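What follows is a set of notes on a single structure, which appears directly below.
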Amino acid sequence: MGHNHSLPVGRGLFFIAFAAASWGVGGFVAAVLYDHSGLGPIAVTFWRYLGGLLLLAAMRPLRKARLSKPTKTWMVVNGLGMALYQTAYYVAIDLAGVAVATVVVLGSGPVLVTLGARVFLGERLGRTGAATVAVSLAGLVLLTSDVNQDGGGGHPIEGLAVALVSAAGYAAVTLLNRAAKDDPYDSALGGFAVGTVVLLPLALMEGLLPTRGGIGVTAGLLAFLGAVPTALAYALFFAGLTVVRATTASVVALVEPLAAVALGVLVLHEPLTGWSAAGAGLLLSAVVTLSLTEGQGARRSRTTAVTAKAPAATAAASPHHQRREESAGAGGAALADGGGGDCAGRDSTTDVALTGLAPGPVTTTVHVPGERTGPEA
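Just add 3 to wherever you are in the sequence shown, counting from 1, and you've got this note's numbering.
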């Protein structure tokens, strides 16, 4: 079964942008959770995945329309990729700081996705698209140029390497879900199941339970992380990938750092420098440009499909075509009446002409004048 092309491209773009913004909010909430509960990033990711798994599993019986179910191999690969890039991203932050990890992971992600989409999916970007990707990367660098480096572990080389691993995992998940013909809901569900199993031993080593703060607040924050930036966001992201090109999706997903910066300015009253504002402007322009291009491409595809069908529909409605169909029906009835061997006296020319006009498979019956024969088996 193919992709869910009944989903409009505009809605797919919105799904991806919403998912990315949710991830940006999720990072903000996760940072609050770290300080409040004492949980580490791997433990928080584990609880997020477990919450997303339980929520999607509980809602699955309520769904009506479904595409094909992912295979076990596909779910394992998807889950490993999701767990890899999430965990590696947090490790990169610990080793090299927020700015380095964000720029490398989110910056190299679109580049890797673009290359992979060209090689494996046959998606052509074009000069305008390539320039737009470059603009988005420049905007990302400027946006994160003033991010506070407190919390970085002072290991930039190791952090860079781990960040590249995270970016590779993100690109792989994006490309695989773009190429997949499976139900995006079940893809997210299977990914959470595998990710939960993979992350459990790592979370146990880090510390699975909170060490401080009120349990009610911790549970509430974890519930939000499991519901919105995890279950809802990934299901929408994978659904959007069924109609949006992988490269476009990877650039639209750069809404994530924009959402994080906006929260910092609006909630924490962090200053927005000129460089950060310029970066945000470049990022937004890149997202809007590629989104408009994606929508125009979808409209052109629909127009081409309608134009291709129009001549066939016109021909089918013509009087000549209708007369041919009436003749075909008469020919089919005549052959049916003569199926028991009442073909004496008809020559072969008439039989071939009627059989050729009859709908369905063409069966040629040859009669020798003066002989009674039935249709050949």
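C-beta: ideal position from N, C-alpha, C; glycine also.
None of these values were measured; they are calculated from a predicted model.
The bridge partners DSSP lists for residue 71 are 185.
Residue 234 counts as buried, since at least 16 other C-beta atoms from the protein chains shown sit within 10 angstroms of its C-beta. Counting the other Cβ atoms within 10 Å of the Cβ of residue 109 gives 16 or more, which makes it buried. About 5 angstroms separates the beta carbons of residue 191 and residue 238, which is inside the 8 angstroms limit, making them a contact pair. In the DSSP assignment, residue 229 falls within the alpha helix (DSSP H) that extends over 218-229. Within the model, the alpha-carbon separation for residue 278 versus residue 102 is close to 14 angstroms. Contact annotation, residue 288 with residue 255: C-beta distance approximately 13 angstroms; criterion of less than 8 angstroms not satisfied. In this structure residue 100 does not touch residue 173 by the C-beta definition: roughly 19 angstroms separates them, more than the 8 angstroms allowed.
Under the DSSP assignment, residue 241 falls in the alpha helix (DSSP H) whose first and last residues are 236-243. Contact between residue 82 and residue 194 holds: CB atoms are separated by about 4 angstroms, below the 8 angstroms threshold. One Cα belongs to residue 198, the other to residue 30, and the distance between them is close to 18 angstroms.
The shortest CA-to-CA distance from residue 249 to any of 60, 25, 118, 226 is the one to 118. For residue 233, no alpha helix (DSSP H) run applies, since DSSP gives it neither H nor E. CA-CA distance, residue 285 to residue 131, rounds to 15 angstroms. Short of 6 angstroms from the beta carbon of residue 292, and not among the five residues preceding or following it, lie these beta carbons of its own chain, in chain order: 135. Where residue 36 is concerned, the enclosing alpha helix (DSSP H) starts and stops at 12-40. Per DSSP, reduced to three states, the secondary structure at residue 214 is coil, with no helix or strand assignment.
If you look at residue 134, you'll find it in the alpha helix (DSSP H) that goes 129-146. Inclusion of residue 247 and residue 19 in the CB contact set at 9 angstroms is warranted, their separation being smaller than that value. Between residue 80 and residue 179 a beta carbon distance of about 7 angstroms is seen, short of the 8 angstroms cut, so the two are scored as contacting. When DSSP states are grouped into helix, strand and coil, residue 167 belongs to the helix group. Burial check for residue 46: the Cβ neighbour count within 10 Å reaches 16 or more, so the residue is buried.
The beta carbon of residue 140 lies closer than 8 angstroms to those of 110, 113, 114 in the same chain, with the five residues before and after it left out.
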